[in-house]
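Down below is the structure, laid out as structure tokens.
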Amino acid sequence: MTDAANGQVPASTDASDRPDPLDFLPPDEPVHLLDPDGTYHPDPDHPIDLDDAALRELYRLMMVTRKVDREAINLQRQGQLGVYASCMGQEAAQIGSAYALGPDDWIFPSYRELGAALVRQVDAAGFLHLYRGTWLSDHDPYKHNFGLMSIPIGTQALHATGFAMGARLDGNPIVAMTYYGDGGTSEGDPHEAMTFAGVTKAPVIFFVQNNQYAISVPLAKQTAAPTLAHKAIGYGMPGYRVDGNDVLASYAVTRRAIDRAREGVGPAFIEAMTYRMEAHTTSDDPSRYRTQEELEEAAKTDPIVRMRNFLTKRDLYDSALEDAIEEQTKQVASEVRAGIYDAPHGDPMELFDHVYLDATNHFEDQVAQLRSELSQGGEV
Amino acid sequence: MTDAANGQVPASTDASDRPDPLDFLPPDEPVHLLDPDGTYHPDPDHPIDLDDAALRELYRLMMVTRKVDREAINLQRQGQLGVYASCMGQEAAQIGSAYALGPDDWIFPSYRELGAALVRQVDAAGFLHLYRGTWLSDHDPYKHNFGLMSIPIGTQALHATGFAMGARLDGNPIVAMTYYGDGGTSEGDPHEAMTFAGVTKAPVIFFVQNNQYAISVPLAKQTAAPTLAHKAIGYGMPGYRVDGNDVLASYAVTRRAIDRAREGVGPAFIEAMTYRMEAHTTSDDPSRYRTQEELEEAAKTDPIVRMRNFLTKRDLYDSALEDAIEEQTKQVASEVRAGIYDAPHGDPMELFDHVYLDATNHFEDQVAQLRSELSQGGEV
Amino acid sequence: MAVTMAQAINQALADAMAKDERVLIFGEDVGKLGGVFRVTDGLQATYGEDRVFDTPLAESGIIGTAIGLAMYGYRPVPEMQFDGFTYPAFEQIVSHLAKMPNRSRGTVKLPVTIRIPFGGGIGAVEHHSESPEAYWAHTAGLKVMTPGTPEDGYSMMREAIEMDDPVVFLEPKRRYWMKTDAAMPVTTEPARDAVVRRAGTDVSVFCYGPMVRTALDAAEAAADEGWSIEVVDLRSLSPLDTDAIVASVERTGRAIVVHEAARNLGIGAEVAARIQERAFYHLEAPVLRATGFDTPYPPAKLEEFWLPDVDRILDLVERALAY
Amino acid sequence: MAVTMAQAINQALADAMAKDERVLIFGEDVGKLGGVFRVTDGLQATYGEDRVFDTPLAESGIIGTAIGLAMYGYRPVPEMQFDGFTYPAFEQIVSHLAKMPNRSRGTVKLPVTIRIPFGGGIGAVEHHSESPEAYWAHTAGLKVMTPGTPEDGYSMMREAIEMDDPVVFLEPKRRYWMKTDAAMPVTTEPARDAVVRRAGTDVSVFCYGPMVRTALDAAEAAADEGWSIEVVDLRSLSPLDTDAIVASVERTGRAIVVHEAARNLGIGAEVAARIQERAFYHLEAPVLRATGFDTPYPPAKLEEFWLPDVDRILDLVERALAY
Ligand SMILES: Cc1ncc(C[n+]2csc(CCOP(=O)(O)OP(=O)(O)O)c2C)c(N)n1
Ligand SMILES: Cc1ncc(C[n+]2csc(CCOP(=O)(O)OP(=O)(O)O)c2C)c(N)n1
Ligand SMILES: [Mg+2]
Ligand SMILES: [Mg+2]
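Chains as they are written, first to last, in this note's numbering: chain A, 1 to 380; chain B, 381 to 760; chain C, 761 to 1083; chain D, 1084 to 1406.
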């Protein structure tokens, strides 16, 4: 184990075991398949195995996401939601990547993943109940393979890693993907998650949407790393970089990482370059930290326009499709409005029901107290 | 800021600002200047600006460290210390690196840095009081520019970083160096420390002694990184690698990183390849997890023998030096024994004195209680 | 001109920075944005990016570097953006900030003031309405204080920053918009002293931070029922001003503790334990606790049912008087 | 053949793994080394490296991945190597492990048992003798239990692992070498129940974990003075068995709580608060607390002066009887 001949004390892994570190480094430029005008640049390393219906579906999902997102902002303005964190501008990153997963794969999201949620068919109004405060979470994670939205930054990366470790142990060929932001890469938890994933070769994908800001803090104040993807080598996994406003590139890069993980090769890190078009949340005032010009520049990279241009060039886009999608987005938006406006207020007595799963009667007196307060107030 | 022309959303730092990432990667092999037989390989990138007295001093410091270390193990066996974490085998890494610091620079150590402590002239018996449990710490950090020994793994990396941020803010050209182990690289705190250091260009050196084990856990189970030094690029700082059993290489590599930091270029990470020759602590039983052969192989890379061979080849070592050092180590060892055996038992009433610096009388009754217990027991 | 609690704290930070150039402010979004509650608004513009700066998104990093900066000689005032996001920094706060001065036998001073907007009542999403004060108060070596008025927001903040001990400074976020006509700067009682906000003879109500206003409202309502409530604002949660607590109970014979935090092992437990230890023969009824329930903080639409309010306090007043 | 507490827990882990292949054990050095206290000794050899494995050195990582493994369907039994090293995992324990089942309205089950050797008395260096139980007990959603005997070490561990709720299982490290002649497996009372370890009529002494033995010794010594002490082992620190506590005080009229943790906001505060709430008219003396002091844990040479012992308990017994 030690190589006394030249007096060196080498690492306990043999040099021959070691993968070539340079393979873990990101390419100089993010992978990019679609120009803003829709021109497609095929890339043999990143093939697109999608038929016409699937290409249209990606577009449709982005359009629905944008519409629900807009509706959520309206609902917040109307006082129906307490707050909302928009994913506008990030639809391609989310939908391209989530679409690359198999049906049994899992997602461990942050609070901004409406697009990914819609790919997993999470009910849009249900998704928004977190923001309305009806209940802390509304969907059944096991029905959609979509974990609870995690608000404490980066913490869900560990849940994804543990889940993937479990799948690997169980011989179950599924992959877990976790989403977080550029800011999230600074927290200790994603660091520990990547460390565990590297060592256990857990089939987990760390998908980071680099939308340039953590609330008001720009990337340059977040890290001095050449790119976020350069972090991956430090955990013995590849760091990929992709143009996150290019839904095809997001799909293809993620797909490659997923296939690799499913084969048991190990985890991967993906940095998707994108831009947060809206305020951090509806409570935020971005005029304090970014300029109108910057925003206008960024708007020119809109992921939806780009995909529409591509579909048009391919003759996959026509007014029939346009009308159908418009119809559908309107429908979804009205369902969302109804789902929120008509939502039950939540039963206060349920507060005690899920604190412990094994029944315990230790807060009987508190249950009684609340019941009596409610009956006095006549509130329920 | 966004480059709409090709539809890419680049990072908010200009490409021209970015340093060449490859500069941050470690060399293929650790820097190594001395062969086990003492042959010296000059390296223009790592000059040794030490005169003969200094070369002898490095050797002397290693010898004293080894002796005090051995004495500490004896004292533990005699029941004088509760436990002790030996640095045997790691003397070159610690002493070479600490010797490279200027007098006003600071060290933020873990629990295993006896060698570094002796370079900073921390009293050896005082150092051991932590292990004896006389008091939680005995030396004055401001007298030696040597922080408190940190037992929770990796946490001191943040203190070093904050200190260095402070120095930079203050225009004070000092450098802070923090020591931790291979296992420590997995914790969240060093990750956050390197992130902060990278962004603020704090003059801090992360010096990791890769002694192959975290208690019983070998490096391969700690991380899948190609080497620990490959972590540095993820924070925008260079990752150096050095043969930690080569005191000259440890000195030279650290010196280079320190000079760079002092000039304001920013932090650096150093991985020193070494080997923990003793048990993790005196409470540990390493026979459970490593073989006698492995230990014997490692013993061949002894850093002290190597330096002695070098001095001999240079005609800097003779029996006069040998005798003088032997005399001195004996002297130090007997001082340590005396310092420990004669140590006061600690005044229990002092337990209340430093909890708050601004006096408060809120635990008066507890003070009274202890005083009464002591007088009843007649223990003090 | 009326001043809000948020403005009063902002003014205290500005004045502390003006007085002592060793004072530094940092955290997530405290710079250009001025903090999500605008408590650090304008400070970066006035004092520059060296003294008021945004950090990477890492709470352990914020507190750990604050410790290093304090060791260097600065007086850091780091912000934790919300109560629920202090937990990643728990290790640095509990094992290092609280212990290092003691561990060094007083050699190392850590004059760090951690600002934390805390508590519920603003309809926020999960993790944004926590009341973690008991975690800090149980930790020897930390001072824990919380203002219940804009005046205290100013004065206690100044005192916290000037103190050589580490302070966890809990800002009652739902009272950020509470106003006073008092002119700043203002000096109120020393932070270590509890203050009687309203004198009374029947029941002592102990409260702090966001619940001071609520307790005063309850006292007002109780007066209509003919009950005379004494409202005591604890202000310092660690150390507690036990003498003032006991003195009040000696006057009234009955006590209620009010806080948002869950009841189990909340500050109310310690206050009750001390009262019965020190004023056993004065008690005419058990010390009762009007608190949040022993459940995680509820979703926004249900918080009104969870949080202690005037009615919950009055219920207990009635119960206490029935003994 | 006598069995130590450490061996009893080891046996419980082995039996749980044999019974249910979803049980996983992991943490720092739990594999080949068998844990620094050898509590997991031999388990990796028997159950393989897939089910018993060493993790990287990262406590948040250990608990965070335990949550993910539990979501997948495993029943993880992670180890925190020492009490003082649980703090880096505080965020994952408090914000996720404790809250996720509630947040998901019961959909997500997290049957995780965190093993933590805790408490002082073994002459260890700093951070190795902490008593953090109040932090966990204050956190709704966690169950907190600690055995005071080898039999409970076995039986409560089996129960914890079979429970669907997250459990913080505190192992009193200075009692690891305490012996019993009872044969394993053994089934003791359900973990939720407090148990009267010695009946008495004059004063109730409530204790748990490492202090059970100490309280029994104190009761023995008190008998020589003619005082009859009832010793109640709380076992579950959250939820507390309030009924049993109150019943004991109704019998004796006097109560003392004993724990190593600092007094301020320790478990004793909550026990005292509940006793006076529920047994006000039965109390003939205030509930007193024999605890560690409100200071950081002392260096090894001074721990005997800091830790509660027979004398400190007897002092309080005498004080309680003097009322
Ligand atoms: C542990 C923690 N600290 C602080 C916050 C407050 N906070 C919410 S979002 C946010 C910025 C996140 O930035 P990034 O990770 O880039 O994700 P983005 O919001 O841009 O999608 C902050 C600081 C939090 N939610 N969790
Ligand atoms: C936060 C924390 N977790 C666990 C421990 C227990 N522990 C003490 S030393 C050690 C291994 C450290 O390994 P490494 O970082 O490689 O340093 P080395 O001991 O080899 O010098 C562990 C797990 C600790 N001290 N702190
Ligand atoms: Mg972002
Ligand atoms: Mg090591």
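Glycine included, every Cβ here is placed at the ideal spot set by N, Cα and C.
Within chain D, the residues placing a beta-carbon under 9 Å from that of C:Thr1055 are Asn1185, Ala1223, Gly1224, ordered along the chain.
Excluding residues up to 5 positions away in sequence, Met971, Thr974, Val1018, His1019, Glu1020, Ala1050, Thr1051, Gly1052 lie with their Cβ nearer than 8 Å to the Cβ of C:Pro1068 in the same chain.
Within the DSSP secondary-structure output, C:Gly1052 pairs in a beta bridge with C:Ala1022. The Cβ of C:Phe845 sits closer than 8 Å to at least one Cβ of chain A. Listed by position along chain A, the residues whose Cβ is nearer than 8 Å to that of D:Val1251 form an empty set, because the closest Cβ is around 13 Å away. For D:Trp1219, the uninterrupted alpha helix (DSSP H) segment begins and ends at 1216-1220. C:Pro945 sits away from C:Gly969, with the two beta carbons spaced by 8 Å or more.
Taking 8 Å as the CB threshold, A:Phe206 stays off the interface with chain D. Identification of chain D residues near C:Glu1030 by a Cβ-Cβ cut-off of 7 Å yields Asn1347, Leu1348, Ala1352, ordered along the chain.
Any Cβ of chain C closer than 8 Å to the Cβ of B:Gly568 would place that residue at the interface, and such an atom is present.
At the C-beta level, D:Val1160 and D:Leu1107 come within 8 Å of one another.
The beta carbon of A:Val305 lies closer than 8 Å to those of Pro36 in the same chain, with the five residues before and after it left out. Within chain B, Ser566, Gly568 have C-beta atoms less than 7 Å from the C-beta of A:Glu192, given in sequence order. Taking the beta carbon of B:Phe543 as reference, the chain C residues within 8 Å of it are Gly828, Leu829, Met831, Tyr832, listed in sequence order. At a C-beta separation below 7 Å, D:Glu1272 has no neighbours in chain C, since its nearest C-beta there lies roughly 22 Å away.
For B:Lys611, the three-state secondary structure derived from DSSP is helix. In the DSSP assignment, C:Phe786 falls within the unbroken beta strand (DSSP E) covering 783-787. Taking C-beta separations shorter than 8 Å and ignoring five residues to either side along the sequence, the partners of C:Arg1011 in its chain run Thr961, Ser964, Glu990, following chain order. According to the DSSP assignment, B:Gln589 belongs to the beta strand (DSSP E) that extends over 584-590. Going by beta carbons, A:Leu169 and D:Asp1137 fall outside the 8 Å limit. Here DSSP, grouped into helix, strand and coil, assigns D:Leu1225 to coil. Going by DSSP, A:Gly96 is part of the alpha helix (DSSP H) stretching over 91-99. Look at A:Phe146 here: in three-state DSSP terms it is strand.
Of all alpha-carbon atoms in D:Ala1149, D:Asp1264, D:Leu1140, the one lying nearest the alpha-carbon of A:Gly162 is that of D:Ala1149. Ligand 1 approaches A:Arg276 closely enough that one of its heavy atoms is under 7 Å from the residue's Cβ.
Given a length threshold of 4 residues, the stretch 1257-1297 of chain D has no whole run of the alpha helix (DSSP H) inside it. Separation of the CB atoms of D:Gln1127 and D:Gly1118 is rounded to 10 Å, and the pair is thereby denied contact status at 8 Å.
The beta-carbon separation of C:Met765 and C:Tyr936, rounded to 5 Å, stays under the 8 Å limit for a contact. Using a Cβ-Cβ cut-off of 8 Å, B:Lys601 counts as an interface residue toward chain D, since at least one Cβ of chain D sits closer than that to its own. For A:Glu271, the enclosing beta strand (DSSP E) starts and ends at 268-273. Judged by the Cβ position, D:Gly1231 fails to qualify as a neighbour of ligand 2 at the 7 Å threshold, every heavy atom of the ligand being at least this far. B:Ser630 is a Cβ neighbour of B:Ala652, given a cutoff of 8 Å.
As a beta-bridge residue in DSSP terms, B:Ile487 pairs with B:Phe526, B:Met557. B:Glu707 carries a helical assignment under DSSP once its states are collapsed to helix, strand and coil. Between ligand 4 and B:Asp727, a heavy atom-to-CB distance of less than 7 Å is absent.
The secondary-structure analysis by DSSP pairs A:Gly239 across a beta bridge with A:Phe269.
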